[in-house]
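Undergrad:
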Amino acid sequence: MSERRVRVRFAPSPTGGLHIGGVRTALFNYLLAKKHGGDFILRIEDTDQNRFVEGAEKYIIESLKWCGIEPNEGVGFGDGAHAPYRQSERKPMYRQYAEQLVASDHAYYAFDTEEELEKWREDMKAQGVPSPQYSAVTRQYLANSTSLSADEVKLRLERGDKYVIRFKMPRNEDVKFHDLIRGWVTFNTSQLDDKVLLKHDGMPTYHLAHVVDDTLMEISHAIRGEEWLPSAPLHVLCFRALGWEATMPQYAHLPLILKPDGNGKLSKRDGDRLGFPSFPLTWKAFNKETNQEETATGYRESGFFPDAFINFLSLIGWHPGGDKEMMDMDELISSFSLEKVHKGGAKFDYEKAKWFNQQYLKSKPNEELAAAIKDKITAAGFTLSDEKLAEYCGLMKERSTFLNDLVPIGSFLYQDVLNYDNETIKKKWKPEIKAKWDEYIAGKDLSTISPDVMMNEYIAFSGLKTGEIMPMLRVALAGVLQGPPVVDMAKFLGSKGAAERLKKSFEYFETVH
RNA sequence: GCCGCGUUCGUCUAUCGGUUAGGACACCUCCCUUUCACGGAGGGAAGAGGGGUUCGACUCCCCUACGCGGUACCA
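Numbered according to my numbering, the first sequence spans residues 6 to 518.
(1) Cβ of Phe417 within 9 Å of Cβ of Phe361?
(2) For the candidate residues Asp117, Lys470, Leu242, Tyr99, whose alpha-carbon lies nearest to that of Thr52?
(3) Quick test of your reading: Leu37 and Ile262, contact by CB under 8 Å. State the CB separation rounded to the nearest angstrom.
(4) Between Leu122 and Met129, what straight-line distance do the alpha-carbon atoms span, to the nearest angstrom?
(5) On a CA-only basis, which of Ser283, Thr252, Arg144 is nearest Val201? Give me that one, please.
(6) What are the start and end residues of each continuous alpha helix (DSSP H) run of 4 or more residues lying completely inside the segment 344-368, in chain order?
(7) Give me the Cα-Cα distance between Glu392 and Ile338, rounded to the nearest whole angstrom.
(8) Counting C-beta neighbours from all protein chains within 10 Å, is the total for Asp84 16 or more, i.e. buried, or is it exposed?
(9) Mind checking Met253: buried by the 16 CB within 10 Å criterion, or exposed?
(10) Go through its chain and collect everything with a Cβ distance to Thr429's Cβ below 7 Å, but skip five positions before and after it.
(11) Kindly provide the ranges of any alpha helix (DSSP H) runs that are 4 or more residues long and lie completely inside the segment 191-252, ordered along the chain.
(12) Is the number of C-beta pairs between the segment 210-220 and the segment 239-250 that are closer than 8 Å three or more?
(13) Using 8 Å as the cut-off, can you tell me whether the segment 56-74 makes contact with the segment 16-36, which would need three or more C-beta pairs spanning the two stretches below that distance?
(14) Inspect the CB distances between the segment 27-35 and the segment 71-91 and report whether three or more fall short of 8 Å.
(15) Beta carbon of Ile186, beta carbon of Leu343: below 9 Å?
(16) Let me confirm a value: Gln196 is counted as buried when at least 16 other C-beta atoms fall within 10 Å, else exposed. Which label applies?
(17) Taking the straight line between their C-alpha atoms, what separation do you get for Lys496 and Gly399?
(18) Quick one: complete beta strand (DSSP E) runs, 3+ long, within the segment 33-94?
(19) Distance check for Val491 and Ser519, CA to CA, integer angstroms please.
(20) Where Met6 and Ser225 are concerned, what is the direct C-alpha to C-alpha distance, given to the nearest angstrom?
(21) Ile382 to Val412, Cα distance in whole Å?
(22) For Ala141, which option in Tyr445, Leu234, Lys124, Met174 has the closest C-alpha, if you only look at C-alpha atoms?
(23) Which residue's Cα is closest to the Cα of Lys433: Leu478, Leu203, Pro89?
(24) Does Thr30 come out as helix, strand or coil in the three-state DSSP assignment?
(25) Quick check on Gln487: does DSSP put it in helix, strand or coil?
(26) With DSSP as the reference, label Asn371 as helix, strand or coil.
(27) Helix or strand or just coil, what does DSSP make of Arg12?
(28) Note down, in chain order, each residue of its chain lying with its Cβ closer than 8 Å to the Cβ of Met460, except the 5 sequence neighbours on either side.
(29) When the Cβ atoms of the segment 112-126 are set against those of the segment 156-172, are three or more pairs found closer than 8 Å?
(30) Look at Gly519 and Lys63 and say whether their C-beta atoms are less than 9 Å apart.
(31) Relative to the C-alpha of Ser368, which residue among Ala108, Leu408, Glu515 is closest?
(32) Classify Leu482: buried if its beta carbon has 16 or more other beta carbons within 10 angstroms, exposed otherwise.
(33) Can you tell me where the beta strand (DSSP E) holding Trp288 begins and where it ends?
(34) Using only CA atoms, which one of Lys293, Lys435, Phe314 lies nearest to Met331?
(35) For Asp312, which option in Trp323, Asp335, Phe291 has the closest C-alpha, if you only look at C-alpha atoms?
(36) Have a look at Asn177 and Ala246 and give me their C-alpha separation to the nearest angstrom.
This is the structure in structure tokens:
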């Protein structure tokens with residue numbers, strides 16, 4: 006590798022929400038850029054007018070921000086020297102290169118309409134050709150500048166006939182290129198067809214846009230999904246034909262993220278169908294192509310922490326070696342390398358994602374968690390001081406997986422007990438528990454006695470075995486046989502609060518039969 | 001169909017010719033806790049199959065099987 010500055014790009018098309026496969030691609034680009042002190046660019050590939058979805062671009066930008074993998078150049082992140090970064094705005098730039106390829110006999114004009122091509126393909130299929138190619142052997146039978154006379158071509162062009170520019174794929178030639186993840190890969194051009202480079206509306210297809218933009222934007226590494234591998238030889242040939250081979254980016258085709266159950270790659274359309282979120286942020290939009298409202302729950306809305314989500318995502322299809330799994334962004338950056346990216350696809354495992362979140366939740370400072378759930382608590386109509394909320398988080402965080410669980414899981418601590426475990430009450434209730442409590446607490450000045458002392462004294466005073474009294478105290482304070490240690494709950498409630506709750510609960514227990 | 005890329009416990013993975021094939025998730029058992037968790041200690045669980053190369057293959061090569069991707073004026 007030369008001294009070339011590392012410049013990578015994440016180039017999604019705004020056709021819907023960003024799914025986790027896309028986020029991972031962005032992440033790996035980001036990690037490589039940061040590792041080498043390079044640039045990470047966001048380029049929007051909106052060359053298909055029909056598939057454009059309102060709001061998708063904004064969603065992509067917000068997602069990257071939430072994930073903490075912000076580009077330092079590109080749409081939504083500030084223009085650098087290579088603006089614009091939206092391909093629709095770069096439209097005028099592509100035609101000249103397509104024409105240049107025609108002039109150098111690497112491409113040609115094709116006048117076939119989409120309907121004609123469709124019919125042609127059907128005819129070919131009827132004749133037993135499974136996937137008809139527009140290629141060196143068939144292009145002579147189709148309407149293009151390699152089959153038509155120069156006059157005819159000139160006439161059609163002047164007349165304003167619609168046309169596309171197709172790459173003139175060599176008939177039988179091996180194209181070999183190096184992939185940072187897969188090593189040397191070879192394709193024979195006889196398997197490739199004359200791909201459209203410039204559409205009739207003057208927009209480039211992905212292929213031309215990739216070659217032109219990555220060259221103009223001085224991209225050093227093209228990191229993208231494995232689904233692009235089959236078209237990589239076309240791209241290599243385009244770089245060569247344009248005389249750009251020397252600055253061609255190094256390729257790295259990432260393994261796919263597969264659906265956890267069956268087969269196939271995780272796709273944008275999977276949404277919530279799989280029983281877990283597959284989008285970073287909740288996505289909602291009307292898709293005019295499918296004429297349907299699309300909804301997908303996000304990791305953020307599900308209560309994931311961005312760092313947990315990223316940590317988890319980074320380990321799908323990549324591992325730096327060794328046994329370490331918990332890594333923050335700095336560690337990911339320093340240990341990242343494309344050579345360590347796997348070749349094989351990885352099935353998505355949501356259980357592991359949850360585990361990561363739980364680990365992060367557990368390790369967060371109580372104050373940070375308190376700040377994060379404060380709004381939810383107040384929205385639910387409760388008021389707790391910051392200190393109290395932090396104490397609450399400390400008590401409950403080991404019992405939660407998500408930030409969202411944290412609020413309801415210990416609701417009995419910040420509000421009255423709403424539901425009692427009557428089965429346990431029926432089984433364990435003893436009248437002495439209340440009698441001894443009334444006797445113990447009579448005349449006590451609760452402002453001078455600490456909650457833990459109160460509880461311990463009462464337990465001793467009752468003369469009951471711990472197995473007889475503890476479950477009842479727990480149900481009295483929490484309503485259920487769950488939660489923090491009894492004394493800790495009492496401490497949280499305070500002597501007065503705990504005493505009031507015990508009194509009230511015991512009175513209720515007496516009525517349960 | 002054709003082309004390409006893949007294939008280590010159920011899942012994510014370590015291993016870069018020599019290991020009792022290690023870790024994590026999930027699952028099970030036990031300990032801690034007379035709660036639930038957390039934590040700790042154990043357990044079961046893997047090199048797709050067949051040929052080579054080699055003193056020695058999970059590691060290198062070939063074939064087969066299987067999986068995935070591509071085969072659009074979509075990306």
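Positions of the beta carbon are idealized from the N, C-alpha and C atoms, including for glycine.
All values derive from a computational prediction rather than experimental measurement.
TA: Looking at the coordinates:
(1) no
(2) Tyr99
(3) At roughly 18 Å, the Cβ-Cβ gap does not stay under 8 Å, so Leu37 and Ile262 are not in contact.
(4) 10 Å
(5) Arg144
(6) 355-368
(7) 35 Å
(8) exposed
(9) buried
(10) Pro476, Val480, Leu486
(11) 211-221, 237-246
(12) yes
(13) yes
(14) yes
(15) yes
(16) exposed
(17) 13 Å
(18) 44-47
(19) Outside the displayed span of the chain (6 to 518) sits residue 519, for which this structure offers no information.
(20) For Met6, the pLDDT reaches just 46, beneath the cut-off of 50, and the residue's location in the model is therefore unreliable, although a value from the coordinates is still provided. Going from the Cα of Met6 to the Cα of Ser225 covers about 10 Å.
(21) 7 Å
(22) Met174
(23) Leu478
(24) helix
(25) coil
(26) helix
(27) strand
(28) Leu478, Val491, Val492, Ala495, Ala503
(29) yes
(30) Residue coverage of the chain in this structure runs from 6 to 518, which leaves residue 519 outside it and unanswerable.
(31) Leu408
(32) buried
(33) 288-292
(34) Phe314
(35) Asp335
(36) 16 Å
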